[in-house]
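Numbering (this note's numbering), first residue to last: 4 to 117.
Where is the CB? At the ideal position from N, CA and C, for every residue including glycine.
In this text the structure is predicted, and so the values were computed from the model without any measurement.
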Amino acid sequence: MPADCLFCRMASGEIPVAKVHEDEMVFAIRDINPQAPTHVLVMPLAHVASAAALTEADAPLLARLFAVAAEIAARDGLDGGWRLVSNVGPDGGQTVQHLHLHLLGGRRMGWPPG
Ligand code: AMP
Ligand code: ZN
Numbered sequence: 004m005p006a007d008c009l010f011c012r013m014a015s016g017e018i019p020v021a022k023v024h025e026d027e028m029v030f031a032i033r034d035i036n037p038q039a040p041t042h043v044l045v046m047p048l049a050h051v052a053s054a055a056a057l058t059e060a061d062a063p064l065l066a067r068l069f070a071v072a073a074e075i076a077a078r079d080g081l082d083g084g085w086r087l088v089s090n091v092g093p094d095g096g097q098t099v100q101h102l103h104l105h106l107l108g109g110r111r112m113g114w115p116p117g
């Protein structure tokens, strides 16, 4: 893992952060700059640079990421729906180079996204 990766440092506990979920494969935190009433980042403990680095061998990890996002959405009472986003690269708006799903909800989302 890159020594300077913010989310790896959170995963290892080197940077303390309140985790809204943690298991042996993934963890989730509330975004520091929320774009919706619920804005949670769900990500693998192990470093993956972005969705561009995923292969079919990552199927169990992807299943877990989506299942945890659904669990948190239910726990936060997002009964009207929610959105999952994963930004990739500069054009996708990715600012932290460690794969994460943005779980957004609690307000009506626009389309297309900015
Ligand atoms: P992205 O721009 O898609 O790579 O998403 C990175 C997200 O990480 C942004 O929404 C940031 O607000 C969020 N973020 C950056 N630093 C922190 C932090 N220390 N704690 C929680 N979220 C953070
Ligand atoms: Zn990392």
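- Distances from the alpha-carbon of residue 82 to those of 50, 9 and 110 put 110 closest.
- Of the other Cβ atoms in all chains shown, 16 or more fall within 10 Å of the Cβ of residue 10; this residue is therefore buried.
- Here residue 13 is buried. Its C-beta has 16 or more other C-beta atoms within 10 Å.
- Residue 99 is classed as exposed because its beta carbon has fewer than 16 other beta carbons within 10 Å across all chains shown.
- Across the set 96, 41, 63 and 28, the C-alpha of 41 shows the shortest separation from the C-alpha of residue 84.
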